[in-house]
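Okay, so here's the structure we're looking at.
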Amino acid sequence: MPADKAPGAPAAATVGKAGDSMEGLATVYSDKLNGRKTANGQIFSQQALTAAHPSLAFGTRVKVTNTKNLKSVEVRINDRGPTQAGRVIDLSRAAAGKIGIQKTGMAPVKLEIVGEPAAKKAPK
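In this text, residue positions in the sequence shown follow my numbering: the first is 40, and each later residue adds one.
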């Protein structure tokens, strides 16, 4: 581990390109986190179509497909996590419900970047 990176510190944000994909396990956010601030400062809501990813830039739009039933949902990255090996995304309950994992809490998924974060406008 690099000396300048503390254990458990969030990974630096990476900007993926539309069409980039990855596979792994999706999990569902704990209800304990509802109403708390996410890593980008927004208040987390289980009803929003949002997700946490270890490194994708905040605002990235990702299509999440459950590889067992082929159901998909589009989410916006606004938090960091998960930290467990093999897990690639944490989903809100609303997003998890769209792909049929709200009861099991975990499923194999494919992630595909469908939209990059909006570029910040320079101050005038």
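C-beta atoms are modelled at their ideal positions from N, C-alpha and C, and glycine is treated no differently. Just so you know, these numbers come straight off a predicted model, no measurement behind them.
The shortest C-alpha to C-alpha distance from P156 to any of V67, V101, M61 and S84 is the one to V101. Residues E62, A146, P147, V148 and K149 of the same chain have their beta carbon placed closer than 8 Å to that of T106, with the five preceding and five following residues left out of the count.
Between the C-alpha atoms of N117 and S131 there is a straight-line separation of about 11 Å.
In the three-state scheme derived from DSSP, where H, G and I count as helix and E and B as strand, A57 is classed as coil. A direct Cα-Cα distance of roughly 9 Å separates K142 from V67. The alpha carbon of E151 has as its nearest neighbour, out of G74, K71 and R115, the alpha carbon of R115. It is roughly 6 Å from the alpha-carbon of Q85 to the alpha-carbon of A133. A straight line joining the alpha-carbon of F97 with that of S69 spans about 20 Å. Here the alpha carbons of K137 and A57 stand approximately 22 Å from one another. In its chain, beyond the 5 residues on either side, I138 and G139 have a beta carbon closer than 6 Å to the beta carbon of K110. Here the alpha carbons of A78 and N108 stand approximately 30 Å from one another.
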